[in-house]
Amino acid sequence: MKFGLVYTYLFCFMLLVLSSCEKETLRITEHTEAWLQTKAEAKLQFTSHTGEKDEVTITVKKDTHSKANVYGDRKYEYYLLTYSGKSNDLGLVVMAEHNTINITNLGQLDFNTDFVSLTTGKNASDEVIQAFNIQAEFVDNLTLNNKTYDRVLRIVFNVDHSGTNRLKEIYYAKHHGLVYYQTTDGQFWSLDN
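All residue numbers for the sequence shown refer to numbering that gives the first Met the number 0, where the first residue is 0 and numbers rise by one.
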């Protein structure tokens, strides 16, 4: 009788220990991180086709959050990048977690309806785009200011929203981030080398 009670206590103790173990945080993959400009408070210089200059600031937040799923809560590491220009023509939000990157126009700021989701992979053939209420496609070998970008995501936003953000189209390059954007007033801006 005592022998069975010992096993019962041992079983309960093991169950308690196992249930109290925290699940490992799901980290951002190296393939996803290759698409991100994660240097904190980076400042990029852009020049328009008319010669005007704009400084774009990238604000970077790296953190974890929990999500409920079939197996219980799971912690996910994520990056939240915000691109903003001094002239207020640019407002872009990039959120990445594990192997997915979501990009939206700050003027819309609705990850539920108007965004692009990029599933990253080791090879270009493993990468998949899903566009929701906007247009998106991959562009290979884009050349700007005598610099060639091998893998680029082109996004065309719906511009029927009001507000100060007049972002119409962007080119977002792997290993570089934002390299080109166009505003609704016809201005073309490209990253300086």
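Idealized CB from N, CA, C, for every residue including glycine.
Provide the residue span of the alpha helix (DSSP H) that contains residue i, from first to last.
| i | result |
| --- | --- |
| E32 | 29-32 |
With distances taken between CB atoms, is the gap from residue i to residue j smaller than 8 Å?
| i | j | result |
| --- | --- | --- |
| T63 | Y75 | yes |
| V158 | Y170 | no |
| T37 | Y78 | yes |
| N101 | D113 | no |
| Q129 | S116 | yes |
| I154 | H97 | no |
| S189 | L143 | yes |
| L89 | Y180 | yes |
| L105 | L177 | no |
| D184 | R165 | yes |
Identify whether residue i lies in helix, strand or coil by the three-state DSSP scheme.
| i | result |
| --- | --- |
| S124 | helix |
| D72 | strand |
| K118 | Residue identity check: residue 118 is Thr in the sequence provided, not Lys. Strand at T118. |
| S86 | coil |
| G50 | coil |
| D149 | strand |
| H175 | coil |
| A95 | strand |
| D184 | coil |
| V59 | strand |
| S19 | With a pLDDT of 48 at S19, under the threshold of 50, the modelled position of that residue is not reliable, and the figure given next carries that caveat. If DSSP states are grouped into helix, strand and coil, S19 belongs with the helices. |
| K38 | coil |
| F156 | coil |
Use the C-beta contact count for residue i: other C-beta atoms within 10 angstroms, 16 or more gives buried, fewer gives exposed.
| i | result |
| --- | --- |
| Q44 | exposed |
| D191 | exposed |
| K167 | buried |
| F156 | buried |
| V127 | exposed |
Give me the residue from the options with the minimum Cα distance to residue i.
| i | options | result |
| --- | --- | --- |
| S83 | A41, K121, T183, F156 | A41 |
| E29 | D72, K173, S47, Q186 | K173 |
| K61 | F187, K146, A95, H175 | A95 |
| E23 | R73, L35, S86, D53 | R73 |
| T56 | A33, A39, V127 | A39 |
| F187 | H175, L25, T81, H48 | H48 |
| L80 | S65, T103, A67 | T103 |
| F137 | T31, D184, A123 | A123 |
| D125 | T99, A67, L141, K146 | T99 |
Could you tell me the boundaries of the beta strand (DSSP E) in which residue i lies?
| i | result |
| --- | --- |
| T142 | 134-143 |
| K167 | 166-172 |
| L190 | 187-190 |
| T103 | 99-104 |
Hey, would you say the C-beta of residue i is under 7 Å away from at least one heavy atom of the ligand COA?
| i | result |
| --- | --- |
| T56 | This structure does not include the ligand COA; it has no bound ligands of any sort. |
Within the 8 Å Cβ cut-off, does residue i reach chain B?
| i | result |
| --- | --- |
| T81 | Given the protein chain composition of this structure (a single chain), no chain B is represented. |
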